[in-house]
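Undergrad: Anchor point for the sequence shown: position 16 equals 283 in the numbering used here, and the numbering is continuous, going up by one each time. Ideal Cβ placement from N, Cα and C applies to all residues, glycine included. It should be emphasised that the depicted structure is a prediction, and the values quoted were computed from it without experimental measurement.
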Amino acid sequence: MATPKQRHTKSRRNRRRSHHALTKQGLSVCPKCKEPILPHQLCRNCGVYAGREVVDVLAKLTKKEKKKKVKEIADQEKEQTQEKGMTMEDMSQK
268 MATPKQRHTK SRRNRRRSHH ALTKQGLSVC PKCKEPILPH QLCRNCGVYA
318 GREVVDVLAK LTKKEKKKKV KEIADQEKEQ TQEKGMTMED MSQK
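1. Which residues in the same chain as residue 310 place their Cβ atom closer than 8 Å to its Cβ, once the five residues preceding and following it in sequence are excluded?
2. Can you find the residues in the same chain that come closer than 8 Å, C-beta to C-beta, to residue 323, ignoring five residues on each side of it along the sequence?
3. In the structure shown, what three-state DSSP assignment does residue 320 receive?
4. The alpha helix (DSSP H) spanning residue 283 covers which residue range?
5. Could you pull out every residue in the same chain whose Cβ sits closer than 6 Å to the Cβ of residue 252, ignoring the five residues on either side in sequence?
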């Protein structure tokens, strides 16, 4: 096995390692549930990818978990309608 003839300096070693630094992953936001997700990945919370539902998340849950998830989704939709203004019920009363 070959042995080095001379020692490499600290600066040479550090220049070689300059590309080994870690970078933060860029997270995007799910358009439906507003959860942070990796880009080009399926949202694990609601099963949406590229604006359409790809996986039915509720089908894989137990009965207790499904009930909790349905309630969370209803609350999220309720908040979204309140942000937009009037709901359909409010419009029908006028």
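TA: Walking through what the data contain:
1. In the sequence shown, residue 310 corresponds to position 43, counting from 1. Taken in chain order, the residues that qualify are 297, 299, 300, 302, 304 and 316.
2. Stepping through the sequence shown from its first residue, residue 323 is reached at position 56. Hits under 8 Å: 314.
3. The residue you call residue 320 lines up with position 53 of the sequence shown. If DSSP states are grouped into helix, strand and coil, residue 320 belongs with the strands.
4. Position 16 of the sequence shown holds residue 283. That run of the alpha helix (DSSP H) goes 277 to 283.
5. It is not possible to answer for residue 252, since the shown part of the chain is limited to 268 through 361.
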